[in-house]
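S.K.: In the working numbering, the protein residues as written are 2 to 281.
For every residue, glycine included, the Cβ atom is placed at its ideal position computed from N, Cα and C.
Below is the structure I would like to discuss, written out as structure tokens.
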């Protein structure tokens, strides 16, 4: 496994000490207020959070004033809290629904692309994470298990955190998570950036998972200019085709049955329409 301190980005974002639930309520409220005023940092990072305190926070999470998401590392007693924004929620939920709609048009059954956004996933070191939008094929993984497809979203200052999220999913699932999309929303410049990742198997060592994220494509959707622009960056061997392709086998955990089933693809026009809605 990757060291928890690396996945928590403890050096880049030094956590503050946890001083009790009432103080945490105040911190979350202050974060919500700043986000409403245009702030760009969604995250609260806390240290000195033992398991018993995290369990208590989790039980009382509805009292925090927002539908927050937790990532917890018990081995270093660190809790990362993501506070949602309207643009962040709209970005991942709408794109998730658009993917599901395209699969439905292929007659893919609901049970094969099940949403499970409320689930908490636990890795080998007992670190826990909640994703923004997660999907699994419950016919292939009928028991509680890892999703095949994950979307993580955030506002402008969040990309290092989002990339750490992608690393967490691939590393802790031991490669069971197949595809991750990261969405960064820059509300000031009205730009949405999508990064697409699959997993790459690296050399296995005693302390590290063999699975790490591999960035396949970056899509920048600029709604701050007229007309809006879709810019795609990809390695030369992956530079052709529509701006965004989600491989069927990575989404579903099985091969497509042609001719109806195929990769999910988004044109530039579709992505620009989606990104415009994010800012409405």
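Going by beta carbon distance, what residues of the same chain come within less than 7 angstroms of residue 275, once the five residues before and after it are set aside?
M.R.: Taking the chain shown and counting its residues from 1, the one referred to as residue 275 is at position 274. Counting only residues of its own chain and dropping the five nearest sequence neighbours on each side, residue 275 has a CB closer than 7 angstroms to the CB of 95, 96 and 99.
S.K.: Classify residue 119: buried if its beta carbon has 16 or more other beta carbons within 10 angstroms, exposed otherwise.
M.R.: Position 118 of the chain shown, counted from the start, is the residue given in the question as residue 119. With fewer than 16 other beta carbons inside 10 angstroms of its own, residue 119 counts as exposed.
S.K.: Does residue 224 pass the burial test, meaning 16 or more other C-beta atoms within 10 Å, or should it be called exposed?
M.R.: One-based indexing of the chain shown puts residue 224 at position 223. It is buried - the Cβ of residue 224 has at least 16 other Cβ atoms within 10 Å.
S.K.: Can you say whether residue 192 is buried or exposed, counting buried as having 16 or more other CB atoms within 10 angstroms of its CB?
M.R.: As a working note, residue 192 is residue 191 in the chain shown. Burial is judged here by how many other beta carbons sit within 10 angstroms of a residue's own beta carbon; residue 192 has at least 16 and is buried.
S.K.: Please list the terminal residues of the continuous beta strand (DSSP E) segment that includes residue 199.
M.R.: The residue you call residue 199 lines up with position 198 of the chain shown. Membership of residue 199 in the beta strand (DSSP E) is indicated by the continuous run 192-202.
S.K.: Put residue 153 into one of helix, strand or coil per three-state DSSP.
M.R.: Counting from one through the chain shown, the residue named residue 153 turns up at place 152. Reduced to three states, the DSSP call for residue 153 is strand.
S.K.: Which residue wins for smallest C-alpha separation from residue 79, given the options 172, 69, 45 and 213?
M.R.: As a position in the chain shown, residue 79 is number 78, starting the count at 1. Checked all of 172, 69, 45 and 213; the closest Cα to residue 79 is 45.
S.K.: Could you spell out the range, first to last residue, of the alpha helix (DSSP H) harbouring residue 121?
M.R.: Along the chain shown, one-based indexing puts residue 121 at 120. Note, residue 121: premise wrong, no alpha helix (DSSP H); not H, not E.
S.K.: Are there 16 or more other CB atoms within 10 angstroms of the CB of residue 196, so buried, or fewer, so exposed?
M.R.: In the chain shown, counting from the first residue as 1, residue 196 sits at position 195. Under this definition residue 196 is a buried residue.
S.K.: Let me check understanding here. Comparing Cα to Cα, which of 175, 21, 204 and 214 lies closest to residue 181?
M.R.: The residue you call residue 181 lines up with position 180 of the chain shown. Nearest option by C-alpha distance: 214.
S.K.: Residue 185 bridges to which residues according to DSSP?
M.R.: If you number the chain shown from 1, residue 185 lands on position 184. According to DSSP, which records beta bridges pairwise, residue 185 is partnered with 155 and 194.
S.K.: Enumerate, from N- to C-terminal direction, the unbroken alpha helix (DSSP H) stretches of 4 or more residues contained entirely within the region 48-104.
M.R.: 52-60
S.K.: Is residue 55 closer than 9 angstroms to residue 130 when the C-beta atoms are compared?
M.R.: Here the question's residue 130 lines up with position 129 in the chain shown. Here the question's residue 55 lines up with position 54 in the chain shown. Cβ atoms of residue 130 and residue 55: not closer than 9 angstroms.
S.K.: Is residue 125 buried or exposed, if buried means 16 or more other CB atoms sit within 10 Å of its CB?
M.R.: The residue labelled residue 125 in the question sits at position 124 within the chain shown. Classification for residue 125: exposed.
S.K.: CB-CB under 7 angstroms to residue 52, same chain, minus the five flanking residues each way: which ones, in chain order?
M.R.: One-based indexing of the chain shown puts residue 52 at position 51. Only 75 meet the Cβ criterion.
S.K.: Can you confirm whether the region 60-71 touches the region 12-31 when touching is taken to mean that 3 or more C-beta pairs between the two stretches lie within less than 8 angstroms?
M.R.: yes
S.K.: Pull up the distance between the alpha-carbon of residue 141 and that of residue 36, whole angstroms please.
M.R.: Start at 1 with the first residue of the chain shown, and residue 141 comes out as number 140. Start at 1 with the first residue of the chain shown, and residue 36 comes out as number 35. Spanning the two alpha carbons is a distance of roughly 40 angstroms.
S.K.: When we look at the beta-carbon of residue 231 and count the other beta-carbons within 10 Å, is it buried (16 or more) or exposed?
M.R.: One-based indexing of the chain shown puts residue 231 at position 230. Buried, because 16 or more other Cβ atoms sit within 10 Å of the Cβ of residue 231.
S.K.: Alpha carbons only, please: which of 268, 280, 261 and 277 is nearest the one belonging to residue 105?
M.R.: For the purposes of this step, residue 105 is identified with residue 104 of the chain shown, where counting begins at 1. Closest option to residue 105, Cα to Cα, is 261.
S.K.: Return helix, strand or coil for residue 147, following the three-state DSSP convention.
M.R.: Position 146 of the chain shown, counting from 1, holds the residue named residue 147. Residue 147 falls in the coil class under three-state DSSP.
S.K.: Exposed or buried, what is residue 153 when buried is set at 16 or more other beta-carbons lying within 10 Å of its beta-carbon?
M.R.: Along the chain shown, read from residue 1 onward, the residue named residue 153 stands at position 152. By the neighbour-count rule (16 or more Cβ atoms within 10 Å), residue 153 is buried.
S.K.: Going by DSSP, name the residue or residues bridged to residue 221.
M.R.: Within the chain shown, residue 221 is the residue found at index 220, counting from 1. The partner list for residue 221 (beta bridge, DSSP) reads 194 and 232.
S.K.: My assumption, with CB atoms under 8 angstroms, is that residue 149 sits in contact with residue 138. Please give the rounded CB distance.
M.R.: Taking the chain shown and counting its residues from 1, one reaches residue 149 at position 148. Taking the chain shown and counting its residues from 1, one reaches residue 138 at position 137. The Cβ separation is near 6 angstroms, so the contact holds.
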